Amino acid sequence: KAGVTQTPRYLIKTRGQQVTLSCSPISGHRSVSWYQQTPGQGLQFLFEYFSETQRNKGNFPGRFSGRQFSNSRSEMNVSTLELGDSALYLCASSYTSGGSLEQYFGPGTRLTVT
Amino acid sequence: AQSVSQHNHHVILSEAASLELGCNYSYGGTVNLFWYVQYPGQHLQLLLKYFSGDPLVKGIKGFEAEFIKSKFSFNLRKPSVQWSDTAEYFCAVNIPGGGNKLTFGTGTQLKVEL
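Protein chains in written order, with the working numbering: chain A, 12 to 125; chain B, 1073 to 1186.
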């Protein structure tokens, strides 16, 4: 099976712009989660989508949003970019079976805001 | 809200030394526990997980972890480290029934010297 793919891998944006990141989960996985990874804050949960519905949301401002399509692919959007949004954004694809959770991570999108 | 603490931020070991990385979580109910590893330039990979049953779980590459419920701990161990174990290690917790959100610790950077 192919792993989790994220596009683009690298992005450079200017403060005030908006950005859209894309994630394709492992085939058959219906849950997609997004995380932000920074040296100062570590890995922080942004949100989770399951069957096109947001199921969980972390403590991020409303500038961060996401959606999931019927094929389970997901996008996240950040509007009005700030310098502090520079980070590695990770997408994770999950499945649960009999109470067991397995979450697989993609390579991430490195966003630099200048 | 649950939180995860990793006490050692940086660990330096010589090859063949034994490793133990501490992880404590704060949540009084049932939890699912994970250790992930991030090798330089690579994406997060699952090392091992605990859901139920035997509190001593074995993962890939000779790693194991012990869940001690009374201490809210899930420490990672390896009897003899190799240079190739140089990486950042993350402990994470998931609350069953609360979706697939993972709460991560701040990570431990392990450097193994030859």
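Note that beta-carbon positions come from the ideal geometry of N, C-alpha and C, so glycine has one too. Keep in mind the model is a prediction, meaning the values are calculated, not measured.
Point to revise | Chain-ordered residues of the segment 100 to 124 of chain A with a beta carbon less than 8 Å from chain B | key: 101, 103, 105, 107, 110, 111, 112, 113, 114, 115, 116, 117, 118 and 119
Review point. Would you call residue 80 of chain A buried or exposed, if buried means 16 or more other Cβ atoms sit within 10 Å of its Cβ?
Key: With fewer than 16 other Cβ atoms within 10 Å, it is exposed.
Point to revise | Opening and closing residue of the beta strand (DSSP E) in which residue 1085 of chain B lies | key: 1082 to 1086
Review point. Which residues, in order along the segment 1144 to 1176 of chain B, keep a beta-carbon less than 9 Å from a beta-carbon of chain A?
Key: Within the segment 1144 to 1176 of chain B, the qualifying residues are 1162, 1164, 1166, 1168, 1170, 1171, 1172, 1173, 1174, 1175 and 1176.
Practice item. Run down chain B in chain order and give the residues with a C-beta less than 9 Å from the C-beta of residue 42 of chain A. Key: 1171 and 1172
**Study point:** Length-filtered (3 minimum) beta strand (DSSP E) runs lying within the segment 32 to 62 of chain A
**Key:** 42 to 49 and 53 to 61
Practice item. Using beta-carbon positions only, say whether residue 116 of chain A and residue 30 of chain A come within less than 8 Å of one another. Key: no
Review point. Is the segment 83 to 96 of chain A touching the segment 1078 to 1093 of chain B, taking contact as three or more C-beta pairs under 8 Å?
Key: no
Review point. Who are the near neighbours of residue 1134 of chain B in its chain, counting only those whose CB is closer than 8 Å to its CB and skipping five residues on each side?
Key: 1150, 1151 and 1152
Review point. Roughly how many whole angstroms lie between the Cα atoms of residue 120 of chain A and residue 1115 of chain B?
Key: Whole-angstrom Cα-Cα distance: 11 Å.
Check your understanding: Going by other Cβ atoms of all chains shown within 10 Å of its Cβ, with 16 needed for buried, is residue 36 of chain A buried or exposed?
Key -> By the neighbour-count rule (16 or more Cβ atoms within 10 Å), residue 36 of chain A is buried.
Point to revise | Alpha carbon of residue 1166 of chain B to alpha carbon of residue 1176 of chain B, nearest angstrom | key: 9 Å
Exercise for review: Please state if the CB of residue 1144 of chain B and the CB of residue 1096 of chain B are separated by a distance shorter than 8 Å.
Suggested key: A contact, by the Cβ cut-off of 8 Å.
Check your understanding: Rounded to whole angstroms, how far is the Cβ of residue 33 of chain A from the Cβ of residue 17 of chain A, which I believe are closer than 8 Å?
Key -> 7 Å
**Study point:** Below-8 Å beta-carbon distance, residue 1082 of chain B vs any chain A residue
**Key:** no
Point to revise | Residue range of the beta strand (DSSP E) that includes residue 1171 of chain B | key: Where residue 1171 of chain B is concerned, there is no enclosing beta strand (DSSP E), given that its DSSP letter is neither H nor E.
Exercise for review: Output the distance between the C-alpha atoms of residue 98 of chain A and residue 1146 of chain B, rounded to the nearest integer angstrom.
Suggested key: One Cα belongs to residue 98 of chain A, the other to residue 1146 of chain B, and the distance between them is close to 28 Å.
Review point. From residue 54 of chain A to residue 103 of chain A, what distance separates their C-alpha atoms?
Key: 12 Å
Exercise for review: Output yes or no for whether 8 Å exceeds the beta carbon distance between residue 1118 of chain B and residue 1130 of chain B.
Suggested key: no
Point to revise | Min CB distance residue 1139 of chain B to chain A below 8 Å | key: no
**Study point:** Coil, strand or helix - residue 69 of chain A by DSSP
**Key:** Here residue 69 of chain A carries a coil assignment [DSSP, helix/strand/coil].
Practice item. Could you check which residue in A/109, A/94 and A/71 has the C-alpha nearest to that of residue 23 of chain A? Key: A/94
Review point. If we ignore side chains and look at the alpha-carbon of each, how far apart do residue 1099 of chain B and residue 1075 of chain B end up?
Key: 7 Å
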